[in-house]
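Right, one structure below, let's go through it.
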Amino acid sequence: MEDTESETTINVGDFLVVQRQGYTKLHKLRKHGNMVLGSFTVEMDNIVGERYSDTFQMKNMPGSKRFYILEKVDEVNSAAGCVSIEKSGADNRHIPNNADSQGLTKEDIDKLKGEELSSNNIVEQLINNSKTFNMKTEYSQEKYIKKKEKKYFEYIQIRKPSIRLLSQMFYRQDPTKTLGIRTDDLSQILSYANIHSEGNHLLYDSGTSGLMTAAITNAVGPRTTGSLIHMHPGNECQKNGFVAMQFPQEQADRCINVNLYSVLRCFYQNKGDYSGKSETVSESDANVDADNGEPSAKRTKVEGGASQKKQWQLDNERACKLLEGKVDSLVVVSKEHPVSIVKELMQFLRGGRGFVVFNSLKEPLQDLYVYLKGRVDIVSIRLSSNFMRAYQVLPDRTHPEVNMNAGVTF
Amino acid sequence: MSFDGYKDKIEEGDTVILYLTITQVYCIKAEPKTLNKKGNLIENVFQTPYGALKCAELIGKYYGSKISLSKGWGYVLQPTPELWTITLPHRTQIIYTPDMSMIILQLELCPGSIVVESGTGSGSLSHGLIRAIKPHGHLYTFDFHKTRAETAQEEFKDHGLANYVTVTHRDVCENGFGDDLDNKANAVFLDLPHPWLAIPHSLKSLKQTGGRLCSFSPCIEQVQKSCLMLLKLGFQEIQTMEVLQTQYAVQQRSLPVVNLDFLKSEKDGTETEKKDREMIKTITAIPPPTQPGHTGYLTFATLPPIWARNLQISLNQDDINDAD
């Protein structure tokens with residue numbers, strides 16, 4: 001795993017995670033493309049050729065009010081360090097609770113933003129025009145500055161996507177995007193299903209924005225023997241998360257996306273097709289393996305190309321071939337009721353291997369538990385939920401984050 | 001030899017998981033002979049609540065198959081890091097699966113990663129880390145307890161994992177991780193009484209292109225000191241969290257229904273005496289009455305690549321000043 005120059009340089013066509021304070025956004029970098037970030041429209045050209053983890057400042061584009069360009073910076077001036085505070089109150093007993101403590105109007109602020117986007121400047125103006133600021137306590141003054149700074153913060157950092165960043169981003173944007181899978185859920189699914197570089201893994205996923213496929217493919221890793229069969233219910237699977245990871249071709253090829261219905265139809269009805277094929281392939285395997293160690297999956301594709309089959313049919317056949325040899329792990333992440341899906345897919349699981357079923361509701365999983373318990377051939381069934389709490393750690397001010405995630409998933 | 005790669009049959013010397021019930025899971029070695037306390041070679045027999053098991057009989061059985069005992073039956077399973085975690089011999093406090101999973105995901109590990117771990121402890125996390133990084137990654141693990149380091153080394157060898165791991169006996173707070181590891185690691189994991197002392201050494205071991213760090217501490221005071229050190233050294237995304245898991249008992253309950261309709265009309269003698277009481281069946285999941293409420297705080301941080309480090313240090317300096 002050598003980090004080559006190309007891996008750390010930002011190129012056109014790359015997927016980036018753009019971070020502005022706590023906010024993150026996935027962006028595909030195009031030539032002369034713009035990105036909308038909250039109320040800002042940013043031209044991204046200047047970051048091409050720079051390196052990941054660099055920080056950029058949003059600067060007003062000359063002659064245009066709403067557009068910003070990016071400039072690489074080596075220093076960030078945070079408002080908290082610059083704004084001088086003259087005096088502070090002891091507590092909040094004199095602070096009136098109304099809307100006219102701020103002297104600046106929205107128009108004034110917009111004008112400031114239009115002239116030069118500088119959070120320090122704007123925050124300073126806001127403070128100078130605030131009637132109550134000097135009455136606030138030191139702590140709440142600092143909180144006020146932080147809050148305002150966040151709103152007008154002009155620096156963004158460009159990050160390389162990783163499963164961690166994607167998972168956190170999707171969940172923050174909208175938990176339904178990943179069917180409610182939080183970072184801790186994701187991590188445990190991978191553990192309990194024993195997903196690693198070896199073996200064939202089977203996933204049924206009815207819409208996690210490609211997060212599950214990305215996470216499993218990532219765990220399978222580059223230049224390894226493992227592979228993933230991804231079954232999805234629609235015509236096209238969700239791929240956001242998967243393409244964002246920009247896996248090398250060889251690794252991405254080992255994630256086979258197939259439609260649940262058509263692959264099972266292929267499995268039951270066209271048995272001759274792919275088994276015949278698998279024979280010929282294994283024959284040629286034996287021949288070619290002696291010459292070079294090209295992975296067999298790739299060859300199936302080449303061979304199939306000659307017989308003029310559509311890509312999805314080839315994928316189905318590849319998947320069926322793997323299914324026939326049985327899989328080493330099964331993960332079911334479904335919107336649908338899990339029992340029928342698990343019942344069907346269970347037959348492909350090799351004996352003594354684990355599987356994980358995730359659902360955001362408890363009741364369907366209770367049904368599943370009863371079903372599994374009823375079958376005598378399954379042991380070690382567990383139903384569990386997770387609880388994750390993040391902490392603010394500052395000297396003398398450590399406490400659980402105020403916003404806690406109370407969502408429970410199983 | 002049963003941890004590296006999937007296997008179908010049990011071979012001599014394999015570590016095997018014996019599953020009896022959800023709370024009775026054990027690990028045994030498939031060997032005909034074993035040493036007793038006096039150091040004599042005796043027949044390897046494992047006593048279960050359902051009768052004795054001669055371990056030699058396991059050899060050649062399929063993983064996942066059912067075995068009969070004199071008073072019941074059990075299943076033999078191939079170990080995974082999860083099963084190992086619940087059955088391993090404890091030498092220290094260990095890290096359980098919820099924390100372990102989070103650590104692996106948050107450290108952004110994938111096959112090929114180089115990871116540094118200290119301390120090794122009972123090796124629970126080590127097994128999880130090795131699974132995540134093999135076949136071409138490597139784990140460097142350190143423990144300041146000599147026997148523990150040696151036992152762990154033996155165990156990895158026994159489990160067929162020796163190629164993926166290097167065990168070293170060293171106090172990393174004082175002596176660091178060694179020059180060999182300078183700028184090599186993708187991630188560092190610390191589970192130490194004084195993690196903040198090892199953080200500067202970790203910085204040295206992490207790659208120039210940056211990396212992730214995790215510190216596991218049971219006490220919040222340790223977390224505070226570590227976080228300050230991380231800030232000072234220019235780490236970003238410093239985040240502390242706890243992960244807890246609740247396991248439910250799924251049960252079918254029958255609730256009697258109280259029928260009060262008959263009270264509305266006078267008795268006319270047509271009622272059948274002693275009707276069966278109506279019952280409604282319901283399936284429910286019951287959380288346990290007590291469960292572990294705290295394991296440890298997980299603190300994660302990112303070390304930015306070398307070209308972005310100075311910027312982060314100056315940013316963090318502001319935060320530290322604010323706090324004073």
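Chains as they are written, first to last, in full-length UniProt numbering: chain V, 1 to 410; chain H, 1 to 324.
For every residue, glycine included, the Cβ atom is placed at its ideal position computed from N, Cα and C.
Strand pairing of residue i, partner residues [DSSP]
i	result
residue 73 of chain H	H/68
residue 205 of chain V	V/333
residue 47 of chain H	H/52
residue 251 of chain H	H/284
residue 18 of chain H	H/26, H/76
residue 213 of chain V	Partner(s): none; residue 213 of chain V has no beta bridge.
residue 20 of chain V	V/23
First through last residue of the beta strand (DSSP E) which encompasses residue i
i	result
residue 356 of chain V	355-358
residue 217 of chain H	211-217
residue 24 of chain V	23-28
residue 337 of chain V	Counting along the chain, residue 337 of chain V falls outside any beta strand (DSSP E), and DSSP gives it neither H nor E.
residue 259 of chain V	255-259
residue 158 of chain V	155-159
residue 33 of chain H	33-35
residue 109 of chain H	Segment: none, residue 109 of chain H is in no beta strand (DSSP E) and carries neither H nor E.
residue 227 of chain V	227-232
residue 240 of chain V	Per DSSP, residue 240 of chain V belongs to no beta strand (DSSP E); it is in the alpha helix (DSSP H), 240-244.
residue 59 of chain V	55-60
Contacts that residue i makes with chain V (C-beta to C-beta distance below 9 Å)
i	result
residue 87 of chain H	Near residue 87 of chain H there are no residues of chain V at all, since even the closest Cβ is about 12 Å away, more than 9 Å.
residue 283 of chain H	363, 366, 367, 369, 370
residue 159 of chain H	Per Cβ cutoff of 9 Å: no residues; residue 159 of chain H is ~14 Å from chain V at best.
residue 135 of chain H	197, 198, 221, 223, 224, 225
Contacts that residue i makes with chain H (C-beta to C-beta distance below 8 Å)
i	result
residue 218 of chain V	110
residue 199 of chain V	6
residue 190 of chain V	101, 104, 105
residue 164 of chain V	105, 106, 108
residue 184 of chain V	98, 101, 102, 243
Exposure label - residue i; buried when at least 16 CB within 10 Å
i	result
residue 200 of chain V	buried
residue 193 of chain V	buried
residue 293 of chain H	exposed
residue 187 of chain V	buried
residue 42 of chain V	buried
residue 307 of chain V	Because the pLDDT of residue 307 of chain V is 45, which lies under 50, any placement of that residue in the model is unreliable, and the question is left without a value.
residue 143 of chain V	exposed
residue 249 of chain H	exposed
residue 227 of chain V	buried
residue 72 of chain H	exposed
residue 160 of chain V	buried
residue 220 of chain V	buried
residue 155 of chain V	buried
Amino acids of chain H, ordered along the chain, whose beta-carbon sits closer than 9 Å to that of residue i
i	result
residue 325 of chain V	Neighbours of residue 325 of chain V on chain H: none; closest Cβ ~12 Å, over 9 Å.
residue 328 of chain V	6
Span of the alpha helix (DSSP H), counted from its first residue to its last, around residue i
i	result
residue 173 of chain H	172-175
residue 128 of chain H	124-133
residue 201 of chain H	195-205
residue 223 of chain H	220-232
residue 170 of chain V	163-173
residue 189 of chain H	Here residue 189 of chain H belongs to no alpha helix (DSSP H); instead the beta strand (DSSP E) covers 187-190.
residue 143 of chain H	That residue, residue 143 of chain H, is in no alpha helix (DSSP H); its beta strand (DSSP E) goes 138-143.
Chain V residues whose Cβ lies nearer than 8 Å to that of residue i
i	result
residue 2 of chain H	Per Cβ cutoff of 8 Å: no residues; residue 2 of chain H is ~11 Å from chain V at best.
residue 210 of chain H	53
residue 304 of chain H	53
residue 80 of chain H	194, 354
residue 307 of chain H	51, 53, 54
is_contact[residue i, chain C] using C-beta, thresh 8 Å
i	result
residue 230 of chain V	Annotation note: the requested chain C is absent from the structure, which comprises protein chains V and H.
Contacts that residue i makes with chain H (C-beta to C-beta distance below 7 Å)
i	result
residue 262 of chain V	Per Cβ cutoff of 7 Å: no residues; residue 262 of chain V is ~28 Å from chain H at best.
Inter-stretch contact at 8 Å, needing at least 3 Cβ pairs: the stretch 211-223 of chain H / the stretch 298-305 of chain H: yes
task: Kindly confirm or deny that the stretch 14-29 of chain V and the stretch 231-251 of chain V touch, where touching means at least three C-beta pairs closer than 8 Å.
output: yes
query: Three or more beta-carbon pairs under 8 Å between the stretch 110-117 of chain H and the stretch 132-140 of chain H, yes or no?
result: Three or more pairs of CB atoms, one per stretch, sit closer than 8 Å, so the stretch 110-117 of chain H contacts the stretch 132-140 of chain H.
field: Cβ contact check for the stretch 249-263 of chain V and the stretch 311-329 of chain V: 3 or more pairs under 8 Å
entry: Contact holds: three or more Cβ-Cβ distances are below 8 Å.
query: On the three-pair Cβ rule with 8 Å, is the stretch 13-29 of chain H touching the stretch 50-65 of chain H?
result: Judged by Cβ distances under 8 Å, the stretch 13-29 of chain H makes contact with the stretch 50-65 of chain H, as three or more pairs qualify.
message: Would you call the stretch 186-198 of chain H in contact with the stretch 225-232 of chain H, where contact means no fewer than 3 C-beta pairs closer than 8 Å?
response: yes
message: Would the stretch 172-183 of chain V count as touching the stretch 207-214 of chain V if we require 3 or more Cβ pairs under 8 Å?
response: yes
- prompt: At a cut of 8 Å, does the stretch 2-20 of chain H reach the stretch 67-76 of chain H through at least three beta carbon pairs?
  reply: The stretch 2-20 of chain H, when compared against the stretch 67-76 of chain H, does touch it at the 8 Å Cβ threshold.
query: Does the count of Cβ pairs from the stretch 28-44 of chain H and the stretch 94-108 of chain H closer than 8 Å reach three?
result: no
- request: Indicate whether the contact test is met: 3 or more Cβ pairs, each with one atom in the stretch 176-191 of chain H and one in the stretch 199-213 of chain H, closer than 8 Å.
  value: yes
field: Three CB pairs or more closer than 8 Å across the stretch 137-157 of chain H and the stretch 170-184 of chain H
entry: Contact between the stretch 137-157 of chain H and the stretch 170-184 of chain H is present, because at least three Cβ pairs lie under 8 Å.
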